[in-house]
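Counting from 34, one number per residue, gives the positions in the sequence shown under this note's numbering.
Reviewing the structure listed below.
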Amino acid sequence: MAFAALAGCSSAAPLFSPDGLPTTQVQCSAAGGDGCEQQARGMCGGPFEIVRQTTAGGVRNLLFACKKAG
34 MAFAALAGCS SAAPLFSPDG LPTTQVQCSA AGGDGCEQQA RGMCGGPFEI
84 VRQTTAGGVR NLLFACKKAG
């Protein structure tokens, strides 16, 4: 059942932010509220920085970098 909930989401291979941190891109429904942020927080296990976000055709793309602890 959890797989079905995640089936509409996808992620791409890591890139790097200007400060050298690896980044990840997730996609979610533009109507889904903070779904992309929840995915990012879960993947990072905590805080993250939004590098770029776009919305097109009802799909939101969020490129983020996990913040280092401490």
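Glycine residues also receive a C-beta, built at the ideal position from the N, C-alpha and C atoms.
Just so we're clear, the structure is a prediction, and the values are computed from it rather than from any experiment.
Looking only at its own chain, which residues have a Cβ that is under 6 Å from the Cβ of residue 68, when we skip the five neighbours before and after it? The residue given as residue 68 occupies position 35 in the sequence shown. Excluding residues within five positions, the ones whose Cβ falls inside 6 Å are 61.
In terms of residue numbering, what span does the alpha helix (DSSP H) encompassing residue 73 cover? Residue mapping note: residue 73 aligns to position 40 of the sequence shown, counting from 1. In the DSSP assignment, residue 73 falls within the alpha helix (DSSP H) that extends over 68-77.
Could you tell me the boundaries of the beta strand (DSSP E) in which residue 54 lies? On the sequence shown, residue 54 is found 21 positions in, with the first residue counted as 1. It is not in any beta strand (DSSP E) - residue 54 carries neither H nor E in the DSSP assignment.
Among 56, 88, 89, 87, which residue has its Cα nearest to the Cα of residue 73? Within the sequence shown, residue 73 is the residue found at index 40, counting from 1. When each option's Cα is compared against that of residue 73, the closest is 56.
Compare the Cα-Cα distances from residue 79 to each of 66, 97, 90 and report the closest residue. Sequence index remark: in the sequence shown, residue 79 carries index 46 (1-based). Residue nearest to residue 79 within the set 66, 97, 90 is 97 (criterion: CA-CA distance).
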